[in-house]
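Here is the structure we will look at.
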Amino acid sequence: MRNSFYGWYMKCQSDSQMLAFIPAVHQTGRHRTASIQIITDNGSWTIPYSADDFSRHGKNITIEKNSFGKNGISLAIHTPNLKAYGKLHFSALSPLKYDIMGPFALVPFMECRHSVISMKHNICGTVDINGQEYSFENGTGYWEGDRGRSFPSEYAWTQCCFPGGSLMLSVADIPFAGFNFTGIIGNISWKEHEYRLATYHGARLTKLHDGVIKVVQGSLELEVSLLESAGHPLKAPSNGDMIRIIHENLSCRASYCLKENGRVIFSFDTDQASFEYEYI
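Taking the numbering used here, the leading residue of the sequence shown gets 104, the next gets one more, and so forth.
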């Protein structure tokens, strides 16, 4: 693909701290580059690399002296603006029962394809970001990825690991075969159950306003609410080039409520939600 990108989003959280890492490779025409983005509660950094520094083998990415993969993360970054080093080790991953894209995984020429590599896994280890130590003994991780040409022009995304479970939900404007539709993909791992909300299962959006998202699918109903609006700037792909600026709340206040046949399965507020709300 002439204009394209491929990247992972790897989130790590403890009771009091949170980090996210985005290793990626991107191509516009003949120009191919790589990058690592790091997000904390207090800021975000983008470190550019040559494409020659990037390699991927299955579930393992290496960018210069930094590695990201199924066994964990190893950092060795030293720039004028960022010094990041340390190691995090992952336990066994928790993949989905089947591809989050469902039948759309087989459709060619889609603008962006999403993947969920692990809904929840344990993390141990320590990293240092500009002199701030982040310790993840008995921490929790989440791992997803994207590939294609561009992020959707408008979208909302949220992810949260919480006691007993983990969830992700994405609602986006999807261009397809000359028209646009609202696409929904979401997964909730709750105790021993996996709930899938998706357009290909008949999910529909019934509310999208001021940070509130409500999705209904048969007897299931999920409502999420972003309770604060500030976020850190991140670079996102537009036709393969990392020139778009989006904003992510890595750790913010939000509420989640899942119902089935009108019965509340869970309902809670948290200050450890991750949210991107790119709707005007």
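Where a beta carbon is used, it is the ideal one built from N, C-alpha and C, also for glycine.
Notebook entry, point to check: So, helix, strand or coil for L209, using DSSP?
Noted result: Of the three classes helix, strand and coil, the one that applies to L209 here is helix, per DSSP.
Check: Going along the chain, which residues of its own chain have a beta-carbon closer than 7 Å to the beta-carbon of T149, five neighbours each way excluded?
Finding: Closer than 7 Å at Cβ, skipping near neighbours: S138, Q140 and K338.
Notebook entry, point to check: Between the region 110–129 and the region 164–178, do at least 3 Cβ pairs fall closer than 8 Å?
Noted result: When Cβ pairs closer than 8 Å are counted between the two stretches, the region 110–129 is seen to touch the region 164–178, the count reaching three or more.
Item checked: Within the region 142–185, ranges of the beta strand (DSSP E) (whole runs, at least 3 residues) -> Within the region 142–185, the complete beta strand (DSSP E) runs of at least 3 residues are 147–153, 157–159, 163–166, 169–172 and 175–181.
Check: At what residues does the beta strand (DSSP E) containing I203 begin and finish?
Finding: According to the DSSP assignment, I203 belongs to no beta strand (DSSP E), since it is labelled neither H nor E.
Next item on the list: Use the C-beta contact count for Y201: other C-beta atoms within 10 angstroms, 16 or more gives buried, fewer gives exposed.
Entry: Around the C-beta of Y201, fewer than 16 other C-beta atoms lie within 10 Å, and the residue is accordingly described as exposed.
Checklist line | Entirely enclosed beta strand (DSSP E) segments - the region 292–358, minimum 3 residues | finding: For the beta strand (DSSP E) assignment, the uninterrupted runs of no fewer than 3 residues enclosed by the region 292–358 are, from N- to C-terminal side, 296–301, 307–312, 315–320, 323–329 and 335–341.
Checklist line | Nearest-angstrom beta carbon gap, G267 and K223 [assumed within contact, 8 Å] | finding: The pair is not a contact, with the Cβ atoms about 10 Å apart (cut-off 8 Å).
Check: With a CB to CB cut of under 7 Å and the five nearest residues on each side skipped, what residues in its chain are close to M213?
Finding: Spatial neighbours of M213 in its own chain (CB-CB distance under 7 Å, excluding positions within 5 residues in sequence) are listed in chain order as F207 and G251.
Check: What residue from M113, M204, E351 and S273 has the CA that sits closest to L325's CA?
Finding: Per the C-alpha coordinates, the member of M113, M204, E351 and S273 positioned closest to L325 is S273.
Next item on the list: Please specify which runs of the beta strand (DSSP E), each continuous and at least 3 residues long, are wholly inside the region 232–286, giving them in chain order.
Entry: Runs of the beta strand (DSSP E) inside the region 232–286: 235–238, 242–251, 258–265 and 268–279.
Note to self: Tell me which residues share the same chain as G189 and place their Cβ nearer than 6 Å to its Cβ, disregarding the 5 neighbours each side in the sequence.
What the structure shows: Result list for G189: L178, T229, V230 and D231, in chain order.
Check: Any idea which residues DSSP pairs Q375 with across the strands?
Finding: Paired residues: none, contrary to the question.
Notebook entry, point to check: When you compare only the Cα positions, how much space is there between Q116 and S107?
Noted result: Rounded to the nearest angstrom, the two C-alpha atoms are 30 Å apart.
Next item on the list: Compute the Euclidean distance between the alpha carbons of Y112 and S377, then round it to the nearest angstrom.
Entry: Approximately 12 Å between the Cα atoms of the pair.
Check: Any idea what DSSP makes of S194, helix, strand or coil?
Finding: S194 carries a coil assignment under DSSP once its states are collapsed to helix, strand and coil.
Item checked: Contacting residues, own chain, Cβ-Cβ under 7 Å from P278 (five flanking each side not counted) -> Contacts found: E214.
Notebook entry, point to check: Thinking C-alpha only, which one of G234, S218, I220 and F239 is nearest C227?
Noted result: Cα-wise, what sits closest to C227 is F239.
Notebook entry, point to check: Can you give the Cα-Cα distance for T309 and I316, rounded to whole angstroms?
Noted result: Taking the straight line joining both Cα atoms gives about 8 Å.
Check: Using a Cβ-Cβ cut-off of 6 Å (strictly less than) and excluding sequence neighbours within five positions of L270, which residues of its own chain qualify?
Finding: Result list for L270: C263 and I291, in chain order.
Checklist line | Distance CB(I142)-CB(L353) smaller than 8 Å | finding: In this structure, I142 sits near L353, with a CB-CB distance shorter than 8 Å.
Checklist line | Buried/exposed call for S221, threshold 16 Cβ in 10 Å | finding: The residue in question, S221, is buried, as its Cβ has 16 or more Cβ neighbours within 10 Å.
Item checked: Which of helix, strand or coil DSSP assigns to S117 -> Under the three-state reduction of DSSP output, S117 falls in the coil class, being neither helix nor strand.
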